[in-house]
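Asks: Just so we're aligned, residue 20 is where the sequence shown starts under my numbering, counting upward by one. Backbone N, C-alpha and C fix where the C-beta goes; we use that ideal spot for every residue, glycine too. As the structure is a prediction and not an experimental result, all values here were calculated from the model.
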Amino acid sequence: MPTDTTRRPQTNIAIQPNPNLADQIRRRAYELYEERGREEGHELEDWLRAEEEVRGRRVRDVTAN
Numbered sequence: 020m021p022t023d024t025t026r027r028p029q030t031n032i033a034i035q036p037n038p039n040l041a042d043q044i045r046r047r048a049y050e051l052y053e054e055r056g057r058e059e060g061h062e063l064e065d066w067l068r069a070e071e072e073v074r075g076r077r078v079r080d081v082t083a084n
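#1: What's the call for A83, buried or exposed, on a 16-neighbour Cβ count within 10 Å?
#2: In the structure shown, what three-state DSSP assignment does R46 receive?
#3: Tell me whether G60 sits in a helix, a strand or coil according to DSSP, three-state version.
#4: DSSP state of L39, grouped into three classes?
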């Protein structure tokens, strides 16, 4: 019976945490809250949108270099 003895190289990716990332997301989420007229009840929506915007901006910055 044939066996697969092919070994794939192990990939180790070091991800450097960015301590400013959470602060950037937090600030943007608060801006969204203020833009809405400080209407309560949209905390998760604001956070997720802010996270998407901030992370998207970071990806564009990295790929532009």
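Replies: If we stick to the structure as given:
#1: A83 should be labelled exposed.
#2: DSSP places R46 in helix when its eight states are reduced to three.
#3: If DSSP states are grouped into helix, strand and coil, G60 belongs with coil.
#4: It is worth fixing the name first, because residue 39 is Asn in this sequence and not Leu. If DSSP states are grouped into helix, strand and coil, N39 belongs with the helices.
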